[in-house]
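So the structure is just underneath, and the comments pick up after that.
Protein chains in written order, with my numbering: chain B, 14 to 224; chain G, 233 to 945.
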């Protein structure tokens with residue numbers, strides 16, 4: 014009986030601690046749900062705030078910085094002013110750098126870096142000449158690190174899709190990448206952890222446009 | 233008892249779970265404006281929230297005791313506050329301070345136009361140079377679409393704010409480019425030697441520039457070469473005037489580009505009529521090597537070397553005799569090598585060093601006389617920059633320039649010859665600090681000391697500038713500085729007992745910038761001292777050379793650029809007014825020089841049409857008449873040419889040819905075919921009626937057509 018009491022106390026204490034510091038994975042999942050349903054810039058700010066808090070509390074978890082950067086990049090698409098976009102992307106860059114520093118998944122982070130470069134192009138189409146090859150280079154690296162990473166293929170497809178056809182871009186050239194990404198996304202479906210899983214819908218949307 | 237313990241434990245834990253405390257408050261900036269979207273949280277926990285539209289926040293936490301509450305917002309410094317979680321609600325107010333080094337902060341902008349890839353808010357992008365119709369692909373041509381510059385169609389160099397062409401110097405990766413312009417015969421314009429594609433960033437200073445640069449009375453053009461090529465590729469261009477091919481090989485840490493080009497205007501001039509009879513159509517061969525090596529994580533070694541050979545010959549009126557023509561020919565060999573290395577040394581130190589070498593051989597044959605000129609110039613430079621805090625930095629360095637000049641002048645009929653050879657060692661030391669004592673104020677103070685062995689003269693120049701942020705989008709800058717320059721080589725042929733020429737600049741600048749629109753207004757005053765004077769009839773008499781000239785230029789520059797109002801359309805407008813007067817060289821009185829028209833204005837517009845992947849561009853330039861000297865008139869330089877007007881158009885079409893990305897480029901300069909007169913040359917002898925007859929100075933042909941195909945493999 015004594016043992017039972019001690020166990021009970023220990024368990025409740027543990028529960029207590031858990032209540033104060035909710036489980037990292039569930040916090041990430043919960044915030045990702047919020048991100049999915051975000052409709053206003055304010056919603057995005059809330060999500061951004063949450064990921065910032067998680068990343069500062071769990072500064073050794075690369076996923077925290079990964080999602081923070083991911084949200085920042087997405088948030089930059091909501092912003093209209095170019096300078097502000099750049100400022101947000103500068104923050105996202107810091108998050109990616111940090112995640113790489115603590116040995117995060119290289120393939121995923123390189124892919125995200127490519128996504129960030131694509132975000133830079135949004136500021137001014139003139140930048141395409143610089144950032145589009147940069148994105149292509151890092152996305153190639155991402156694929157090299159893990160050929161099974163669907164996001165790397167999807168983003169690569171996107172890079173090609175938005176490159177003028179005369180520079181080897183366009184939907185025709187991008188299609189195989191999106192198809193490959195789709196195949197890999199389906200494989201990924203079974204995974205249940207908090208590793209990156211985004212991109213399925215966007216890939217499908219652009220795939221529909223291609224065909 | 234046991235049960236009690238268990239119950240107690242459960243109860244206690246239940247209490248601590250439910251005992252949630254509300255933390256609420258407000259976040260605003262130092263001006264009292266609320267900040268929406270600021271992140272407020274308890275350090276080391278997930279507990280927190282973002283502020284809503286009215287700047288307020290409120291969240292629940294189950295933590296207790298002493299905690300640290302943090303507020304963060306982009307562009308503002310993080311703020312931490314100790315709080316004690318012992319009541320039901322805890323209220324906290326944050327007043328965040330703007331970070332001084334944030335993106336929108338004050339930048340000293342007096343006198344400078346910057347272009348770079350990363351900085352978007354700057355006035356011109358590198359690609360703008362290539363797509364400005366009036367520029368015809370020339371860097372210097374594009375810069376004359378900015379205010380503060382004059383279109384001097386028969387020369388091609390940059391004439392800045394009422395200053396002469398020699399007063400502008402070009403620097404590549406921080407090092408002098410002694411002969412940045414192509415060589416041409418008198419009265420026909422030269423162009424920049426370097427392709428605009430080589431550079432990723434440009435700083436064009438129309439005055440008041442940094443102490444790091446010297447030996448330019450008016451202006452410094454600072455070009456930075458691209459860091460590392462994107463990928464291995466082959467570029468081929470075919471143009472109506474020639475072609476070029478370049479091969480880039482890129483490794484992880486090393487890259488090499490080799491280029492060859494050939495131009496010949498022969499075929500073009502056989503189709504399109506031109507003013508002169510050409511004995512030798514303009515022809516040039518060029519080669520270049522660009523090498524890059526990453527030596528350390530942050531250090532990159534850049535080497536680039538170019539060679540070009542040009543020749544050109546034409547029949548030009550002989551001004552000593554009515555109706556006579558003389559055969560003029562020019563041949564030029566030029567090479568430029570630039571080696572630079574920069575690296576971060578840790579703890580805020582940054583080092584930059586390099587060597588630049590110019591070798592130039594120019595042979596001009598004027599039929600009655602020949603001028604053979606050689607110029608060798610080597611510059612070595614090292615500079616260090618220490619950033620103490622984001623608000624305080626110090627730059628200092630040293631520079632040594634060796635300049636060797638030799639000229640052989642021969643008059644064919646009399647066998648008269650004159651040779652001048654001289655060497656000059658120029659040394660310079662400079663230091664400059666930039667600091668931001670308070671938010672929204674930046675001050676830069678520098679000093680530069682120079683010594684020349686040839687002149688046996690030294691100078692100390694002060695450079696001061698400051699900028700104050702007025703509102704989020706507006707700022708005012710001022711700049712003052714002393715600028716010294718060794719007299720041009722031509723003036724040192726007959727004597728070396730001259731001193732530095734001097735100019736003092738004072739500039740006031742207002743800049744307003746908001747979401748892709750920028751407005752700049754700049755007023756300036758430039759005072760020249762110690763300009764070299766000589767006697768035109770006895771130009772060979774060294775004793776008559778002296779630093780006794782002077783001058784001034786004052787004016788207003790306006791610039792407005794808009795990339796927002798119209799979709800896929802951008803334009804910029806520039807206007808300059810200058811009142812320039814000087815007495816220098818062989819001027820007998822203080823007059824407005826021929827290169828300073830009072831009013832100049834230009835408009836450049838570009839429209840991108842996605843459906844046909846083509847960009848259309850148009851530029852219009854207007855300038856009031858330029859002064860010229862009419863020997864029939866009793867007063868000096870009182871002639872005025874008719875106004876200058878040029879409308880140029882271009883279009884660039886992108887497509888694939890044989891699966892390769894290709895750009896097809898077309899441009900027409902001076903579309904309306906206006907017969908612009910840049911000035912007049914007069915016969916040296918009067919005609920039978922005692923009148924000096926004149927010959928207008930114009931461009932080779934009225935319109936200039938250009939077609940090019942650029943392929944990347």
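The beta-carbon is built from N, C-alpha and C at its ideal position, and this holds for glycine as well. Bear in mind the structure is a predicted one, so any value in this text is a computation, not a measurement.
Residues of the segment 50 to 70 of chain B whose Cβ lies closer than 9 angstroms to any Cβ of chain G, in chain order: 54, 55, 57, 58, 59, 60, 61, 62, 63, 65, 66, 67, 69 and 70. Collapsing the DSSP output to three states places residue 831(G) in a strand.
Judged by pairs of C-beta atoms under 8 angstroms, the segment 428 to 448 of chain G does not touch the segment 484 to 491 of chain G, as fewer than three such pairs exist.
At the C-beta level, residue 271(G) and residue 62(B) come within 8 angstroms of one another. Among the residues of the segment 102 to 120 of chain B, those with a Cβ less than 7 angstroms away from any Cβ of chain G are 104, in the order of the chain. With fewer than 16 other beta carbons inside 10 angstroms of its own, residue 844(G) counts as exposed. In this structure, residue 804(G) lies near residue 791(G), with their beta-carbon atoms less than 8 angstroms apart. For residue 750(G), none of the residues of chain B pass the 9 angstroms Cβ criterion, the least Cβ distance being about 12 angstroms.
The C-alpha of residue 378(G) lies about 29 angstroms from the C-alpha of residue 461(G).
Look at the beta carbons and you see the segment 688 to 700 of chain G touching the segment 709 to 719 of chain G: at least three pairs across the two are nearer than 8 angstroms.
At a cut-off of 8 angstroms between beta carbons, residue 306(G) contacts chain B. Using a Cβ-Cβ cut-off of 7 angstroms, residue 177(B) is close to 845 and 886 of chain G, given in chain order. At the C-beta level, residue 794(G) and residue 802(G) come within 8 angstroms of one another.
Around residue 276(G), the beta-carbon contacts reaching into chain B at under 7 angstroms are 70. Scanning its chain for C-beta atoms nearer than 8 angstroms, with the 5 sequence neighbours on each side dropped, one finds around residue 363(G) the residues 838, 847, 849, 882 and 884, in chain order.
When Cβ-Cβ separations below 8 angstroms define contact, residue 100(B) makes contact with chain G.
Residue pairing of residue 931(G) in beta bridges, as defined by DSSP: absent, with no partner found. In this structure, DSSP gives residue 885(G) an extended state, which the three-state scheme calls strand. Under DSSP, residue 772(G) forms no beta bridge with any residue. For residue 609(G), the enclosing beta strand (DSSP E) stretches over residues 601 to 621.
Using a Cβ-Cβ cut-off of 8 angstroms, residue 95(B) counts as an interface residue toward chain G, since at least one Cβ of chain G sits closer than that to its own.
For residue 606(G), none of the residues of chain B pass the 8 angstroms Cβ criterion, the least Cβ distance being about 40 angstroms.
At a Cβ-Cβ threshold of 8 angstroms, residue 407(G) and residue 556(G) do not count as neighbours.
Taking C-beta separations shorter than 6 angstroms and ignoring five residues to either side along the sequence, the partners of residue 89(B) in its chain run 98, 101, 102 and 132, following chain order.
Residue 623(G) sits close to residue 668(G), with the two beta carbons spaced by under 8 angstroms. Among the residues of the segment 846 to 857 of chain G, none has a Cβ less than 7 angstroms away from any Cβ of chain B. When Cβ-Cβ separations below 8 angstroms define contact, residue 189(B) makes no contact with chain G.
With a cutoff of 8 angstroms on beta-carbon distance, residue 512(G) and residue 544(G) are scored as near each other. Looking from the CA of residue 901(G), the closest CA among 268(G), 308(G), 536(G) and 365(G) belongs to 365(G). About 5 angstroms separates the Cβ atoms of residue 172(B) and residue 149(B), confirming a contact at the 8 angstroms cut-off.
Excluding the 5 residues flanking it on each side, residue 169(B) has same chain C-beta neighbours closer than 6 angstroms at 152 and 190, in chain order. 724(G) is the residue among 916(G), 724(G) and 888(G) whose C-alpha sits nearest the C-alpha of residue 652(G). Per DSSP, the beta bridge partners of residue 656(G) are 635(G). For a cut-off of 8 angstroms, the C-beta gap from residue 128(B) to residue 158(B) is around 15 angstroms, too long to register as a contact. For the segment 255 to 274 of chain G, the set of positions with a beta-carbon nearer than 9 angstroms to some beta-carbon of chain B reads 268, 269, 270, 271, 272, 273 and 274 in chain order. Contact with chain B is found for residue 282(G), since one of that chain's Cβ atoms lies less than 8 angstroms from the residue's Cβ.
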